[in-house]
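Undergrad: Got a structure for you, written out below as C-alpha cells; questions coming shortly.
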Amino acid sequence: MSNFHSKWKQFIQEAQQDAKVLRGLNIKAMQKEVPQGPEEQPREYFARLQGMEADPEYANPIFPQGLVSWLESLPDNHFPRDGRKRFAKWLGNAVYTHETETMNNLSSVDDPEELRIHNNDIRYISDYLNGSDEFPEDLWEKSLNGMYDLAVQWHDNLKFKEDPTGDYENKQIVYKFDNGYTIVDVNTEKDLGVEGDKMGHCVGSYCDDVADGAMTIYSLRDAKNEPHATIEVTPTLPLGRSRSQGRVDQIKGKGNGAPVEKYRPMIKQWLQTTNFAYEDSPDYLNILSAEEVRQRLFAGELKKDSEQSLARNTEDPEIISFFLSQILAAGYTYGGTDIAKVTKLDADSIAGYLLRNDNLNEDHRLSLVKINFQLRRPLLGIRMAMLIGARGIGAGQNFDPASLSSRIWEALGSELTRGYADEKLYCMQALMEVDESASSIKEEIINHLLSEEYLEGAVRQNKNTLSHQQQPYGSILQGYLFQKSPAREQVRRLYTVQRDERFPKVIGSIGRINGYVASSRGMSDDLADDIIKDVKSDKRYAFIQRNWVDMVLNPLISDSKKIDLLNIGGSDPLNP
9 MSNFHSKWKQ FIQEAQQDAK VLRGLNIKAM QKEVPQGPEE QPREYFARLQ GMEADPEYAN
69 PIFPQGLVSW LESLPDNHFP RDGRKRFAKW LGNAVYTHET ETMNNLSSVD DPEELRIHNN
129 DIRYISDYLN GSDEFPEDLW EKSLNGMYDL AVQWHDNLKF KEDPTGDYEN KQIVYKFDNG
189 YTIVDVNTEK DLGVEGDKMG HCVGSYCDDV ADGAMTIYSL RDAKNEPHAT IEVTPTLPLG
249 RSRSQGRVDQ IKGKGNGAPV EKYRPMIKQW LQTTNFAYED SPDYLNILSA EEVRQRLFAG
309 ELKKDSEQSL ARNTEDPEII SFFLSQILAA GYTYGGTDIA KVTKLDADSI AGYLLRNDNL
369 NEDHRLSLVK INFQLRRPLL GIRMAMLIGA RGIGAGQNFD PASLSSRIWE ALGSELTRGY
429 ADEKLYCMQA LMEVDESASS IKEEIINHLL SEEYLEGAVR QNKNTLSHQQ QPYGSILQGY
489 LFQKSPAREQ VRRLYTVQRD ERFPKVIGSI GRINGYVASS RGMSDDLADD IIKDVKSDKR
549 YAFIQRNWVD MVLNPLISDS KKIDLLNIGG SDPLNP
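Using the numbering used here, read the sequence shown as starting at 9 and increasing by one per residue.
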C-alpha cells in the first residue's frame, strides 16, 4: 500500500475513533442499567454492551445513535489537530443541546442526514481552533452558537490582518488563461501563509494537511500574481503533486466570502478542465449565477447536499418559495396537490432547513404556517415559536413579529379555535409568547381555551390524545399570566377555573399555573382574598408554600393584604 493510501485510510478512520468517545460515554452509562451476567466474562459483557450501543433499535442513554453516526461521517478536516477527543465530546453535547433545546427538534438528533446541516459550521469552527492563538477560558463551555460566533469573529479579524510574510516564494502554475490569469498550486508553508494573509482567510492553518497530502490548495492569480480566489481540493488519487482526481470542498474569495462575480467564469472554466468532483460542492453554487442555480434546482439536477445547503442558506425569494411548495409536494395534504415533487428532500427536512434560514421574509413565514396546516401530519409543532419570533429575532432576520402574528391570526384564527389538535395549540402558544402580539389576540385565545365548549370537548377525547395537548395548553395559560399586562379579570378567571373538575384533566395536573398566578402582574387584593379562603378551606387546588412566598413578594399586593397573608402563612394547609 502506498504512503498516500496509508495516510488516507488513517484520515478516514480518525472520525470513527473520535466518535468512540461518545460511544464510550454511552456504554459507561449503560453499565449502570445493564448488569453483567453471573457467568458472563468481562470481555463478553463489554462486547454485549458494544452491540447494544450500536443497535439502531436500542435507545442509547446519552448520545443517540444518529448523532454518533453523524459524527463518524465527518471528514477529518472537520476536527482540530489537537484535542480531538475533547472536541468530540463538546461537539456531541453542543449539537444535542442545540437541536433539542434551542431548536426544539427532538427527532433530528437521531437523524444523521438532518444533522449534516451543521457540517459547514463545524468546519468553520475547526479552522478557528486550528488557527487561533487565543481562546477564552470558558471555550469548552460554549454552546454551538457561541463557539460559532467565536469562529466568525476570528475569521472576520483575518480580513483586516496585515501581510507580515511578504510575497510568494513559488509559483507552480497548473492552468493558464488567455488574459494572463493563472491557477497556481500553493504547496509550501510560506506560500500558504501569504495566501491566507492576502485573501483574509485561514488557509495558512492548513500547512500540515497540505504537507501530508490530505489537501491541495489552488489559487486564482492575476498577471501581477495577486490572488482573487482560493480553491481547496481533497485528493482521491495520488499522482505526484498535481492531483488528477479530487473533491472540491471550498471555493473562497477574499474574507472567506464568495469570489467576486468577474472571477467566477474563470474558476468554472478551469474546473471544467479537471477531473475534480465540484458540482456538488455548496461553494460551487456560490459561483453560479442566480438563474443557473434556479434552473438546476427546478430541474432536479442538484444533489441532496446542495439542496440542503440552499434551503438552509439561500437569500433568493424565488428559491425559498420553491422549497415551500415542495413541502406540499413531498407531504400528505388534505385534498392532494398538483405540485410535482422535484426535490430529493422529504417534507420534514425541507421545513427543518427553512426554519434555520434567517432570510425568510414575513410572507415566507406566513406561508410556512399555512402550509403546515394543510398537511395531514403537520411538521412544525413547538418550532412555530422560533419561526414567528416568539424567542426573539436574530440580527440577520428581517420581519416584524407583531405584524406576522396579526396576519397569522387573521388568516387562521377561526381555524385555530375549532377542534382540539395539539398543532393548533402549538400555534396559539407561539402567538402568546410573542411579546409584540396584539393583546386582543391573546384575550381571544384565553377566552377560547377557558370556554365551556372547549373544556367539554377536550375531556371527551381519549386519554392519549388529550395527554399530547396538555403541555401546550398549560404553556399558553402560563404565557398569558407571565406577560407584562395581563387583564385582572382574566387572571382571576384563570385561578377560579381550577374549581372546574374538567380543568385538571385538560391541563394535566392540579395547581400547575398557581406559581404564575401568584407572580402575575394581574394580581389584585380581591383575588388574594379568594386565594386565602381556598387555603383556609383546604381546596385541592389551593396554593402551597412556594406559591405563598411568590404572592407575598408580588408588588401589586397591598401591604395590608400582605399582613393578612403572613398571618396565616404558617398554617398547615400551606405546607407542601
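Backbone N, C-alpha and C define an ideal beta-carbon position, used for all residues, glycine too.
In chain order, what residues of the same chain lie with their CB nearer than 7 angstroms to the CB of ILE379, ignoring the 5 residues before and after it?
TA: Within the sequence shown, residue 379 is the residue found at index 371, counting from 1. Same-chain partners within the cutoff: LEU332, ILE335, LEU336.
Undergrad: Please return the same chain residues whose Cβ sits closer than 8 angstroms to the Cβ of ILE449, not counting the five positions on each side in sequence.
TA: For the purposes of this step, residue 449 is identified with residue 441 of the sequence shown, where counting begins at 1. Once the five neighbours on either side are set aside, the close Cβ partners of ILE449 are SER413, SER414, TRP417, GLY421, LEU439.
Undergrad: Would you identify the three-state DSSP class for ILE20, choosing helix, strand or coil?
TA: Here residue 20 is taken as the residue at index 12 of the sequence shown, counted from 1. Because ILE20 sits at a pLDDT of 38, beneath the cut-off of 50, its placement in the model cannot be relied upon, and the following sentence gives the value as read from the coordinates. Note: ILE20 maps to helix in three-state DSSP.
Undergrad: In the DSSP assignment, what are the bridge partners of ASN283?
TA: Residue numbering aside, residue 283 sits at position 275 when the sequence shown is read from its first letter. Paired residue(s): GLN253.
Undergrad: What residue range is occupied by the uninterrupted alpha helix (DSSP H) comprising THR224?
TA: As a working mapping, residue 224 is identified with position 216 in the sequence shown. Where THR224 is concerned, there is no enclosing alpha helix (DSSP H), although the beta strand (DSSP E) it sits in stretches over 224-229.
Undergrad: Please name the residue, chosen from LEU433, TYR214, SER568, that lies closest to ILE484 on a Cα-to-Cα basis.
TA: In the sequence shown, residue 484 corresponds to position 476, counting from 1. Residue LEU433 is the option with its Cα nearest to ILE484.
Undergrad: How would you write the range of the alpha helix (DSSP H) that VAL589 sits in, first residue to last?
TA: The structure shown has nothing for residue 589, since the chain only spans 9 to 584.
Undergrad: Quick one: residues in its chain with C-beta nearer than 6 angstroms to the C-beta of VAL29, no 5 flanking neighbours on either side, listed in chain order?
TA: Within the sequence shown, residue 29 is the residue found at index 21, counting from 1. Only LYS93, ALA96, LYS97 meet the Cβ criterion.
Undergrad: If I measure Cβ to Cβ from THR425 and keep anything under 7 angstroms in the same chain, skipping five residues before and after, which residues do I get?
TA: Residue 425 sits at position 417 when you count from the first residue of the sequence shown. The answer, listed in chain order, is HIS456.
Undergrad: Note down the Cα distance separating ASP146 from TYR104, rounded to an integer number of angstroms.
TA: In the sequence shown, the residue the question calls residue 146 occupies position 138. In the sequence shown, the residue the question calls residue 104 occupies position 96. In a straight line, the C-alpha of ASP146 is about 19 angstroms away from that of TYR104.
Undergrad: Quick one: Cα of LYS150 to Cα of ALA102, how far?
TA: Counted from its first residue, the sequence shown places residue 150 at position 142. Counted from its first residue, the sequence shown places residue 102 at position 94. Going from the Cα of LYS150 to the Cα of ALA102 covers about 8 angstroms.
Undergrad: Note down the Cα distance separating LEU368 from ALA398, rounded to an integer number of angstroms.
TA: Residue numbering aside, residue 368 sits at position 360 when the sequence shown is read from its first letter. Residue numbering aside, residue 398 sits at position 390 when the sequence shown is read from its first letter. Whole-angstrom Cα-Cα distance: 15 angstroms.
Undergrad: With DSSP as the reference, label PRO88 as helix, strand or coil.
TA: Taking the sequence shown and counting its residues from 1, one reaches residue 88 at position 80. Correct three-state label for PRO88: coil.
Undergrad: Is the beta carbon of ASN233 sitting closer than 8 angstroms to the one on ALA266?
TA: Position 225 of the sequence shown, counted from the first residue, corresponds to residue 233. Position 258 of the sequence shown, counted from the first residue, corresponds to residue 266. For ASN233 and ALA266, no; Cβs fall outside 8 angstroms.
Undergrad: Is it right to say ASN187 is buried, meaning 16 or more other beta carbons lie within 10 angstroms of its own, or is it exposed?
TA: Numbered from its first residue, the sequence shown carries residue 187 at position 179. Looking at its Cβ environment, which holds fewer than 16 other Cβ atoms inside 10 Å, ASN187 is exposed.
Undergrad: Of the choices SER115, MET111, PHE54, PHE87, whose alpha-carbon is the least far from that of GLN73?
TA: Taking the first residue of the sequence shown as 1, we reach residue 73 at position 65. When only C-alpha atoms are compared, the closest one is SER115.
Undergrad: Taking the alpha-carbon of ILE327 as reference, which of THR345, ASP346, ALA307, THR341 has the nearest alpha-carbon?
TA: For this step, residue 327 is matched to residue 319 along the sequence shown. Taking only the C-alpha atoms, the option nearest ILE327 is ALA307.
Undergrad: Assuming THR190 is part of the beta strand (DSSP E), what are its boundary residues?
TA: Taking the sequence shown and counting its residues from 1, the one referred to as residue 190 is at position 182. It spans 190-194 - the beta strand (DSSP E) in which THR190 sits, taken as one unbroken run.
Undergrad: Just to confirm before moving on: does the CB-CB distance between ILE518 and LYS544 stay below 8 angstroms?
TA: Within the sequence shown, numbered from 1, the residue matching residue 518 stands at position 510. Within the sequence shown, numbered from 1, the residue matching residue 544 stands at position 536. No; because the gap between Cβ atoms is not below 8 angstroms, this pair is not in contact.
Undergrad: Nearest chain C C-beta to PHE284 closer than 8 angstroms, yes or no?
TA: Among the protein chains of the structure shown there is no chain C, as only one such chain exists.
Undergrad: When you compare the CB positions of THR322 and ALA338, do they come within less than 8 angstroms of one another, or not?
TA: By 1-based counting over the sequence shown, the position of residue 322 is 314. By 1-based counting over the sequence shown, the position of residue 338 is 330. Going by C-beta atoms, THR322 is not nearer than 8 angstroms to ALA338.
Undergrad: Take ARG385 and list the residues in its own chain whose beta-carbon comes closer than 8 angstroms to its own, dropping the five residues that flank it on each side.
TA: Counting from 1 along the sequence shown, the entry for residue 385 is found at position 377. Closer than 8 angstroms at Cβ, skipping near neighbours: GLY339, TYR340.
Undergrad: Nearest CA to the CA of ASP443: which residue from ALA419, ASP408, ALA466, ARG468?
TA: Along the sequence shown, read from residue 1 onward, the residue named residue 443 stands at position 435. If we check each option's Cα against that of ASP443, ASP408 comes out closest.
Undergrad: Using the beta-carbon count (16 or more within 10 Å), is GLU47 buried or exposed?
TA: Position 39 of the sequence shown holds residue 47. Counting Cβ neighbours within 10 Å, GLU47 comes out exposed, since fewer than 16 surround it.
Undergrad: Helix, strand or coil: how does DSSP classify THR473 here?
TA: The count along the sequence shown starts at 1 and reaches residue 473 at position 465. In this structure, THR473 counts as helix in the three-state DSSP scheme.
Undergrad: Can you list the alpha helix (DSSP H) stretches of 4 or more residues lying completely in the stretch 41-114, in chain order?
TA: Qualifying alpha helix (DSSP H) stretches, in chain order: 50-62, 73-81, 92-105.
Undergrad: Is it true that the CB of ARG89 sits closer than 8 angstroms to the CB of GLU61?
TA: By one-based count along the sequence shown, residue 61 stands at place 53. By one-based count along the sequence shown, residue 89 stands at place 81. Not in contact: GLU61 and ARG89 (Cβ atoms no closer than 8 angstroms).
Undergrad: Using the rule of at least 16 other Cβ atoms within 10 Å of the residue's Cβ for burial, across every protein chain shown, is ILE181 buried or exposed?
TA: Here residue 181 refers to the residue found at position 173 of the sequence shown. Looking at its Cβ environment, which holds fewer than 16 other Cβ atoms inside 10 Å, ILE181 is exposed.
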